[in-house]
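Numbering (my numbering), first residue to last: 1 to 79. Input: a single structure, listed below in structure tokens.
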């Protein structure tokens with residue numbers, strides 16, 4: 001069940017996320033989402049390098065690998 005919660009959290013972050021200019025790398029874009037999900041799921045996604053968390057921000061950034069995984073999950077669950 002924990003694996004499904006993690007997967008669905010990633011997919012929801014992707015579905016409700018947005019793209020904005022990167023503050024770290026000018027000229028690049030970052031795909032962001034609010035981090036209102038289970039801390040356990042967020043930590044697992046960060047450990048797998050699918051998202052980047054910030055201690056002082058209420059958002060996360062999906063990595064390119066995270067975005068690709070979210071696309072696959074979207075196809076799997078919302079076909």
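Note that beta-carbon positions come from the ideal geometry of N, C-alpha and C, so glycine has one too. Note that the coordinates shown come from a computational prediction; the quantities given were computed from them, not determined experimentally.
The beta carbon of residue 73 sits closer than 6 Å to those of 7 and 11, all from its chain and outside the five residues before and after it, given in chain order.
With a cutoff of 8 Å on beta-carbon distance, residue 78 and residue 60 are scored as not near each other. When DSSP states are grouped into helix, strand and coil, residue 9 belongs to the helix group. Straight-line spacing of the CA atoms in residue 57 and residue 32 works out to 11 Å. Contact annotation: residue 19 and residue 29 have beta-carbon atoms nearer than 8 Å. Taking residue 24 as the centre and dropping the five residues before and after it, the same chain places no C-beta closer than 7 Å to its C-beta. Judged by DSSP in its simplified three-state form, residue 62 adopts strand. In the three-state DSSP reduction, residue 56 falls in the coil class, being neither helix nor strand.
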